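Okay, so here's the structure we're looking at.
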Amino acid sequence: MQPILSCRDVMVDFSGFKALQGVNLEVDHHEILFLIGPNGAGKTTLLDVICGKTKSTNGEVRFAGEVTLTKLSEQKIVHHGVARKFQAPSIFLQLTPFENLEIAMKQKKGFLSMLFAKMTQTQEEKIEQLLERIGLYDVRHQPSSSLSHGQKQWLEIGMQLIQEPRLLLLDEPIAGMSGEERTKTGQLIEEIAKECSVLIVEHDMDFVRNFSTKVVVMHEGKVLCEGSMDEIQENEEVRNVYLGRKG
Amino acid sequence: MLQIQELQAGYDETMILRQLHMEIPEGKIVGLLGRNGVGKTTLVKVIMGLLPIADGTITFQNTNWRKERPEQRARQGIAYVPQGREIFSDLTIRENLLLGMEALPRSARSTDIPREIFEWFPVLEEMIDRKGGDLSGGQQQQLAIARAIISNPKLLLLDEPMEGIQPSIVQLIQDVLVKISREKGMSILLIEHNLDAVLSCADEVYILDKGKMVLNGLCDEINEDELHQYLAV
Amino acid sequence: MIKKYSQSSYYGLFIILLLVAPFFLSEFRVGLLAKFLCYAIIAVGICLIWGYTGILSLGHGVYFGLGAYCMAMYLKLEASPSGIPDFMEWNGITEVPLIWMIFENPFVAIAAAVLVPFLIACIIGYFTFKNRIKGVFFSIISQAVVVVAVTLFIGMQHITGGTSGLTNFYTVFQVPLSDPQTKTILYYVTVGFLAVIMVLSLILTKTRLGKVLIAIRDGENRLRFLGFNPATYKVFIYGLSAAFAGIAGALFVLQVGMITPEMMGIIPSVEMVLWAAIGGRYSILGAAIGAIITNSAKSFLSESYPEFWTFILGALFIIVVLYLPNGLAGLVDKVKLALFKKEKKEVEKNAADTVVS
Amino acid sequence: MSILITQLFNGVSLGSILLLIALGLAITFGQMNIINMAHGEFIMIGAYTTYVLQQAFIQYLPQSAFGYYFILAIPVAFIVAALIGLLIEKSIVRFLYERPLDSLLATWGVSLILQQAARTIFGAPNVAVIAPEWLNGGLTLAGVTLPYKRLFIIGLVIISLVLLFIYLYKTSSGRRMKAVTLNRDMASCLGVSTRKVDSLAFALGSGVAGIAGCSLTLLGSIGPTLGTAYIVDAFMIVVLGGVGKLKGTIFAALLLGILSTFVELSTSATIAKVVVFAFIILFLQWKPTGLVGAKVRALD
Amino acid sequence: SESASESASGSSSSESSGDTIKVGILHSLSGTMAISEVSLRDAELMAIEEINANGGVLGKQIEAVIEDGASDWPTFAEKATKLLQQDKVATVFGGWTSASRKAMLPVFEQNNGLLWYPVQYEGMEQSPNIFYTGATTNQQIVPAVDWLLENVGKDFFLVGSDYVFPRTANQIINAQVKAKGGKVVAEEYTAMGHTDYNTVINKIKSAKPSVIFNTLNGDSNVAFFKQLSDAGITPDDIPVLSVSVAEEEIRGIGADVLEGHYAAWNYYQTTDTAENKTFVENYKKKYGDDRVTGDPIEAAYNAVYLWAAAVEKAGSIEVDKVKEAADGIEINAPGGTVKIDGETQHLYKTVRIGEVQADGQFKEVWNSDEPVKPDPYLKSYEWAGELGQKK
Ligand SMILES: Nc1ncnc2c1ncn2[C@@H]1O[C@H](COP(=O)(O)OP(=O)(O)OP(=O)(O)O)[C@@H](O)[C@H]1O
Ligand SMILES: Nc1ncnc2c1ncn2[C@@H]1O[C@H](COP(=O)(O)OP(=O)(O)OP(=O)(O)O)[C@@H](O)[C@H]1O
Ligand SMILES: NC(N)=O
Ligand SMILES: [Mg+2]
Ligand SMILES: [Mg+2]
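Protein chains in written order, with the numbering used here: chain A, 1 to 247; chain B, 1001 to 1233; chain C, 2001 to 2357; chain D, 3001 to 3300; chain E, 4001 to 4391.
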């Protein structure tokens, strides 16, 4: 079977600075792929290219074997089933968590459909279930601006889940979360992976170790190596540029 | 160095912190732990002067802080690494760092950036004339830390400083913190979620829950089970 | 539920007040009020784009003007016994230009008063929003549009009447405009339009679309990554508010009997935003009331203190902005909150468990 | 041929005038994000200051000293406008830094008040400023006359620009100003006195507007509504150049000046105006953040 | 006495008490036109005060209700309605720009009110509810063109603000110049408030006209003349004749750049009549030594006296009776004798061409000897054929 996502020779050039220098990467169906690497390696940039925020100067990103994402607009990419969580929480602060999920929900996102959209019983239940799952049920009708950093992170993950994506891109999803919540997030991600593929960027090695099947290491805009966490840990170069002595 | 008594504070109508006591001794690293949303960030914002004190007292080096503006507090010797980095995205790294020295008296400000900063964070030197906003997340975080310690504060407030930083540099930062606290007698308030990281470099920890300090003790002595109990969801 | 009830009761009270107003006001004042109601219609549109969607247009005068000119062309033709409007004769024009001829039909004129602003706004909106022009850049572009429109209308004097605009109408549908009865009918027509537009807008904001609009205001880029194309939404809402302004313009011409390019200029355009701000940019009712109050204040002050009224009006703007950041509606909310809180305390005392959802 | 050369000079001259009126706004709006609708009124204040100084010279000083009043008027106009700017910053604008759109509304009120104040103090009719003798006439080169007044203004613009550049990009005070605009809370946490920086910046922007007003007395009328004629152009230039980009402001002003004069030469002032503004609209479609646009990585 | 005028504002005193007669004064006190119009209000108030001091009209004191037209034409219409309907004033003195007059016209016609409009204008109008006390074209522009053709040159460059008065005026000039063997070499319009005349001046330089006929209004005149002089064009090279630059405007432009240029009016501050001496004296005494009078100011002042005379003659303030009585009324105005022509509701006025002196005053270089009959539609001019057809 085709991989759900394959990147071929992706390059990005920010007016002279080559942030990506030919990245090759594949994500399989129902895989949780961890992307790690030093600060500035280009991980976020790669996610940006996949979801259409940044245009690649070269190379190709194919989704599910058939679509070339590099040619589509952001919202088209979403329609194909690619969801993205950003590094800094970006939710709609003026809306409540409930409303955030309501508009993020998988549905027709055209103008008229939104005008005539009615909240159905199932939709409402789905949203409320998810609110429970991400622990925001009690605050679901408060403005999101009053959520703490961690709660915002959760909400944003929730907004991705409710889109029922085929590929989920998570940029440091557990940043700012405390121990227990990290575990919960990890479990959540494992659950999600039953229905879709997940590409996660993360710096927390314990977390990576606990939930990864495969890890890809990036360095200076290229893929340095890939393998299981154990294999990676043994790699001298990865230790040098990334993990440090403890890793 | 810093004493907080009976502190009440919060946003507009809602009080987040109630009856909060805390003490940060001179030259020590104090870890502050607590689950999401308990008010850790709120606390440092109050200390920094970004949020008003509703009730209670904050005493810094025997002066009582009430309405002092953040810049006045900064000039008395505290520095702040906020959650979310808050670097000046449109200014270069050099400019960001130079701004870190604003808290110093005019005569002590230099136009050169101390070498040690670059020794600790070499990436900043490489990118010295790039815009802060162009940096990657972790690079920005390093910049935020560097910008805070460049002014040699008496008290350093760190709100989840390791977020998004690669493991090797996390270790490095921990070492740096321990070093500057020992060598320069800097007091440090470290907010972290990673218990191990806190325990490995702090002298003392506090645990915040529902706006109150529920546990406090020296790292060597504290009961880990109790710790976990408070941090559980 | 309680909240919903009280909201519709505010709207109801407002409309009822407008309906009975003519029984308490002199003919002149009713005429003024009718004019202000036209402004209120614009303010509702501004509230939708600015308050809800976060688009600050400093150029709505253009749409107001277009609507007004469409209507005025019909009225002018009806008022020109020779078939050629008087100002064209002064300019030595002997034949009615084609663009005027279509407006001989009142229904075409009325339809055009809505559609022309709507379409032009959609075209301008389509390009600017598609190109992701936002915030103050959009505001400035909207001002540039004003300058272009006003300059063209002034410059094409032979077609538009130039600086003096179009004036001196006598009849609408062969009924004399100066008749007190016509005036009363026009007043109620305006109230009707305002009521319908307010209710429609209110409903719009309650739909899921309304939430998308708020999301656009909050962070439209984020919305793209949820699969939305914010440009479509912005174009529509911008066009809608332009259509409102066009309707207001058409009604304005009927009430006031004139339109000039100056009325679509920068100053009126900024004032339109001020009305919404003073009333409360996040509240449809607030914006409408803001338009009425601001203009009443302007009229009253300039009548009472012709030498100093600009001082007072200027100070008023400053005070409102400084102390009522959400306008009058914000003030009402604050008062309500204070009252509500008192109630809540009592409730707590009685240990009653009313969950207001 | 000489017509074209004259016209090129006219374009540059118009550009420099546009630049001068936009320069203050490039600070209050471009740097501080205050949508300062009263910018034109600070220009007016500069113009009236020049008038008052001229009257003072006529009344109190010997005829021979008259020629120098204009030299003195430049710094005085700067100071007077800056002080009034300071007053307004301290009393009104200070509360609006977090609400840029509201600043539009409040400063609109300020502009109404300042206009009416001018009318009350100086009377509604225009007043006249007589240019000093040494500014009359022009430099004739190869059949083309370059009026001294225009040359003087071009010189003045260049000097103002250089000083402003040094201030913004080479001094710590300029750096503080940018920091405060970008992130007020964080700047203050670093020890930057935001209030001082704000006051200083607003006063500076107002002062520069005062200089513009002073030089405009050489070319046009001085009345209470003097400022309204320039406010829109000033905003257009700052935005076309790219908000916060001083270099962009310079390009934009020159571009508009030259474009406008050349279009007007072959058509009429009306068409020139339409063309220039249509150009702005179209240009921004192509480059939505202006000539020297900022590219930021942040999501919003 | 401070009298009526000070207490006169607002609807607060809207009840018409038995011993005063209310009149409206409606000029722009704010906005761009305030520059010119405030002085008209002053002149009208002065006339009212004088009449009141002499016992008022019909034995009653005149009470002025002042409103601000705010340089905005719909506001003029609104305030006119207010004055007529709410305050029930006997008459209104007001307006400056033709646009404001055109805005008020339907209001006065529909309410059967009475407006006295005091500024020279483009003609082609004759409302039964308006009295025009300024010049129409044949009392200003037409004789000025004749004079220029005879004394200055035949190549005309027309510069005007872009609105109805200059456009219509220039149509007339075109027809007249052509009929009389001259040539209009170019015609330039700029928007009201335009400030950069470099390019226009460049065009003038290359067109090399013998005279510039200037119908610019308001602020633009300042910019135009200052920049013209900077460009090195002196009155000796190409003189400018203006029809909207009076003493007040000269004060704002600076006499240094205007000296030697011409204007056409019906009155100057220097006009040598006994009435004018008192008028100027009183005006300066009341409003300050540095103030100047001028044609529109005089016309506004006259308007009040003409209305008062008509009311006395009619024995009533009723509009229809006043209109009827007004025909043929003649007063000795500061600018010489003026007489109301009942048919057109315009005045017979003496035409004067003046040259600007170093002190900002005019020296009269030509006058029409006797008051000229108003002919707003130029029916009596053959070359005006098509223009004058209407009505
Ligand atoms: N818009 C831009 N202009 C210039 N350089 C940029 C831009 N965006 C990113 N970069 C640079 O590209 C490199 C890759 O950045 P990226 O954010 O992808 O790193 P990352 O792997 O996500 O790092 P982190 O782990 O710190 O989040 C960095 O060195 C960054 O400075
Ligand atoms: N601007 C605000 N307005 C109102 N309430 C707020 C605001 N910011 C935060 N809160 C509330 O204050 C509480 C404490 O927030 P705070 O950010 O201090 O938590 P925290 O302990 O730092 O959490 P985290 O670990 O997630 O960063 C949260 O419940 C949050 O909902
Ligand atoms: N009638 C005039 N001058 O507009
Ligand atoms: Mg990253
Ligand atoms: Mg926090």
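Beta carbons: idealized from backbone N, C-alpha and C, even for Gly. No experiment lies behind these values; they were computed from the predicted model shown.
Under 9 Å between C-beta atoms, does D/Q3115 make it to chain C?
Sequence index remark: in the fourth sequence, residue 3115 of chain D carries index 115 (1-based). Judged by the 9 Å Cβ criterion, D/Q3115 is in contact with chain C.
Residues around ligand 2, please: the ones whose beta-carbon is closer than 6 Å to some heavy atom of it, in chain order.
Listed along the chain, these residues meet the criterion: A/S145, A/S146, A/L147, A/S148, A/H149, A/G150, A/G176, B/Y1011, B/T1014, B/I1016, B/G1034, B/N1036, B/G1037, B/V1038, B/G1039, B/K1040, B/T1041, B/T1042 and B/Q1083.
Proximity of B/G1077 and B/T1042 at Cβ, strictly below 9 Å:
Indexing the second sequence from 1 puts residue 1077 of chain B at position 77. Indexing the second sequence from 1 puts residue 1042 of chain B at position 42. In this structure, B/T1042 does not lie closer than 9 Å to B/G1077 by Cβ.
Do E/M4046 and E/Y4283 come within 9 Å of each other at the CB atom, strictly closer than that value?
Locating residue 4283 of chain E in the fifth sequence gives position 283, where the first residue counts as 1. Locating residue 4046 of chain E in the fifth sequence gives position 46, where the first residue counts as 1. Going by C-beta atoms, E/Y4283 is nearer than 9 Å to E/M4046.
By the three-class DSSP mapping on this structure, what secondary structure does D/I3231 have?
Here the question's residue 3231 of chain D lines up with position 231 in the fourth sequence. Here D/I3231 sits in helix by DSSP.
Closer than 9 Å to chain D by CB, C/Q2174
Translated into the one-based positions of the third sequence, residue 2174 of chain C becomes position 174. It does not; no Cβ of chain D falls within 9 Å.
Can you give me the C-alpha to C-alpha distance between C/S2241 and C/I2046, rounded to a whole angstrom?
On the third sequence, position 241 is the one that residue 2241 of chain C refers to. On the third sequence, position 46 is the one that residue 2046 of chain C refers to. Rounded to the nearest angstrom, the gap between the Cα atoms of C/S2241 and C/I2046 is 7 Å.
Assign A/E31 to one of three DSSP states: helix, strand, or coil.
For the purposes of this step, residue 31 of chain A is identified with residue 31 of the first sequence, where counting begins at 1. A/E31 carries a coil assignment under DSSP once its states are collapsed to helix, strand and coil.
C-alpha distance - E/I4340 paired with E/G4328, whole-angstrom precision
In the fifth sequence, residue 4340 of chain E corresponds to position 340, counting from 1. In the fifth sequence, residue 4328 of chain E corresponds to position 328, counting from 1. Put simply, the backbone Cα of E/I4340 is about 5 Å away from that of E/G4328.
Cα-Cα separation, D/L3083 to C/V2062
As a position in the fourth sequence, residue 3083 of chain D is number 83, starting the count at 1. As a position in the third sequence, residue 2062 of chain C is number 62, starting the count at 1. Here the alpha carbon of D/L3083 sits roughly 37 Å from the alpha carbon of C/V2062.
To which residues of the same chain is C/K2004 closer than 6 Å at the C-beta, ignoring the five residues directly before and after it?
As a first step, residue 2004 of chain C is located in the third sequence; it is residue number 4 there, counting from the start. The predicted model places C/K2004 with a pLDDT of 48, which falls under 50 and marks its position as unreliable; any figure quoted below should be read in that light. Around C/K2004, the same chain offers no residue with a beta carbon nearer than 6 Å, after the five sequence neighbours per side are excluded.
Rounded to whole angstroms, what's the CA-CA distance from E/S4003 to E/E4312? Just pull it up for me.
On the fifth sequence, residue 4003 of chain E is found 3 positions in, with the first residue counted as 1. On the fifth sequence, residue 4312 of chain E is found 312 positions in, with the first residue counted as 1. Any reading at E/S4003 must be qualified, since the residue scores a pLDDT of 34, below 50, and its modelled position is unreliable; the value itself is stated next. In a straight line, the C-alpha of E/S4003 is about 21 Å away from that of E/E4312.
Using 8 Å as the Cβ pair cut-off and three pairs as the minimum, do the segment 4195-4213 of chain E and the segment 4146-4165 of chain E touch?
Under the 8 Å Cβ criterion, the segment 4195-4213 of chain E counts as touching the segment 4146-4165 of chain E, having at least three qualifying pairs.
Around ligand 1, Cβ to any heavy atom closer than 5 Å, ordered along the chain
Those residues are A/F14, A/F17, A/A19, A/N39, A/G40, A/A41, A/G42, A/K43, A/T44, A/T45, B/D1134, B/L1135, B/S1136, B/G1137, B/G1138 and D/R3297, given in chain order.
Alpha carbon to alpha carbon, how far is C/I2124 from E/E4364?
Start at 1 with the first residue of the third sequence, and residue 2124 of chain C comes out as number 124. Start at 1 with the first residue of the fifth sequence, and residue 4364 of chain E comes out as number 364. C/I2124 and E/E4364: Cα-Cα distance of roughly 56 Å.
Ligand 3 and E/T4097: does any heavy atom of the ligand fall closer than 8 Å to the residue's C-beta?
The residue labelled residue 4097 of chain E in the question sits at position 97 within the fifth sequence. Flag set: Cβ of E/T4097 near ligand 3.
Counting only the same chain and skipping the five closest in sequence on each side, list residues whose C-beta sits under 6 Å from that of C/V2355.
Sequence index remark: in the third sequence, residue 2355 of chain C carries index 355 (1-based). Bear in mind that the predicted position of C/V2355 carries a pLDDT of just 25, short of 50, making it too unreliable to give a figure here.
When DSSP labels each residue in this structure, what does A/Y242 get in the three-state scheme?
Taking the first sequence and counting its residues from 1, one reaches residue 242 of chain A at position 242. Looking at A/Y242 - three-state DSSP - the assignment turns out to be helix.
Run through chain A and tell me which residues come within less than 7 Å of C/L2200, C-beta to C-beta.
Residue 2200 of chain C sits at position 200 when you count from the first residue of the third sequence. For C/L2200, no chain A residue has a Cβ inside 7 Å of its Cβ, as the nearest lies near 12 Å away.
Rounded to whole angstroms, how far is the Cβ of C/L2077 from the Cβ of C/W2100, which I believe are closer than 8 Å?
Counted from its first residue, the third sequence places residue 2077 of chain C at position 77. Counted from its first residue, the third sequence places residue 2100 of chain C at position 100. Right, the Cβ-Cβ distance comes to about 7 Å (below 8 Å), so this counts as a contact.
Within-9 Å CB hit, B/L1002 to chain D:
Along the second sequence, one-based indexing puts residue 1002 of chain B at 2. By this cut-off, B/L1002 is not an interface position.
Is DSSP giving E/W4265 helix, strand or coil here?
If you number the fifth sequence from 1, residue 4265 of chain E lands on position 265. In the three-state reduction of the DSSP assignment, E/W4265 falls in the strand class, which pools E and B.
Find out if the Cβ-Cβ distance for the pair B/S1136, A/T54 is shorter than 9 Å.
Here residue 1136 of chain B refers to the residue found at position 136 when the second sequence is read from its first residue. Here residue 54 of chain A refers to the residue found at position 54 when the first sequence is read from its first residue. No, the pair does not count as a contact, with Cβ atoms beyond the cut-off.
With H, G and I counted as helix, E and B as strand and the rest as coil, what does DSSP make of E/W4096?
Within the fifth sequence, the letter at position 96 stands for residue 4096 of chain E. When secondary structure is reduced to three states using DSSP, E/W4096 falls in the coil class, being assigned neither helix nor strand.
DSSP three-state label for E/Y4189, please.
Within the fifth sequence, the letter at position 189 stands for residue 4189 of chain E. Per DSSP, reduced to three states, the secondary structure at E/Y4189 is strand.
Rank D/I3005, D/G3242, D/F3279 and D/K3178 by C-alpha distance to the C-alpha of B/L1098 and give the top, closest one.
The residue you call residue 1098 of chain B lines up with position 98 of the second sequence. Nearest of D/I3005, D/G3242, D/F3279 and D/K3178 to B/L1098, Cα basis: D/K3178.
Which bits of chain A does B/L1231 rub up against, with CB to CB less than 7 Å?
As a first step, residue 1231 of chain B must be located in the second sequence, where it is residue number 231. S178, G179 and E180, listed in chain order.
Assign A/F17 to one of two classes, buried (16 or more other C-beta atoms within 10 Å of its C-beta) or exposed (fewer than that).
Numbered from 1 along the first sequence, position 17 holds the residue referred to as residue 17 of chain A. Here A/F17 is exposed: its Cβ has fewer than 16 other Cβ atoms, across all protein chains shown, within 10 Å.
So, does the CB of A/E74 fall closer than 9 Å to a CB anywhere in chain C?
Translated into positions along the first sequence, residue 74 of chain A becomes position 74. Contact of A/E74 with chain C is assigned, a C-beta pair being separated by under 9 Å.
Which residues mark the beginning and the end of the beta strand (DSSP E) in which C/C2038 is found?
Counting from 1 along the third sequence, the entry for residue 2038 of chain C is found at position 38. Unbroken run through C/C2038 is the alpha helix (DSSP H), E2027 to I2046; no beta strand (DSSP E).
Which residues share a DSSP beta bridge with D/T3145?
For the purposes of this step, residue 3145 of chain D is taken as residue 145 along the fourth sequence, with counting starting at 1. BP columns for D/T3145 point to D/T3140.
Rounding to the nearest angstrom, what Cα-Cα distance links E/A4008 and D/S3016 in this structure?
Position 8 of the fifth sequence, counted from the start, is the residue given in the question as residue 4008 of chain E. Position 16 of the fourth sequence, counted from the start, is the residue given in the question as residue 3016 of chain D. For E/A4008, the pLDDT reaches just 39, beneath the cut-off of 50, and the residue's location in the model is therefore unreliable, although a value from the coordinates is still provided. If you draw a straight line from the Cα of E/A4008 to the Cα of D/S3016, it is about 48 Å long.
List the residues that DSSP assigns as beta-bridge partners of B/G1217.
Sequence index remark: in the second sequence, residue 1217 of chain B carries index 217 (1-based). Beta-bridge analysis with DSSP links B/G1217 to B/V1205.
Confirm, please, whether the CB-CB distance from D/N3010 to D/F3261 is below 9 Å.
Looking up residue 3261 of chain D in the fourth sequence gives position 261. Looking up residue 3010 of chain D in the fourth sequence gives position 10. According to the sequence as given, residue 3261 of chain D is Thr; it is not Phe. The beta carbons of D/T3261 and D/N3010 sit closer together than 9 Å.
Could you give the distance in angstroms between the alpha-carbon of C/V2273 and the alpha-carbon of C/G2239?
As a first step, residue 2273 of chain C must be located in the third sequence, where it is residue number 273. As a first step, residue 2239 of chain C must be located in the third sequence, where it is residue number 239. Using only the alpha carbons, I get a separation of about 16 Å.
Where the beta strand (DSSP E) through E/W4383 begins and ends
Translated into the one-based positions of the fifth sequence, residue 4383 of chain E becomes position 383. Careful: E/W4383 lies outside any beta strand (DSSP E) and carries neither H nor E.
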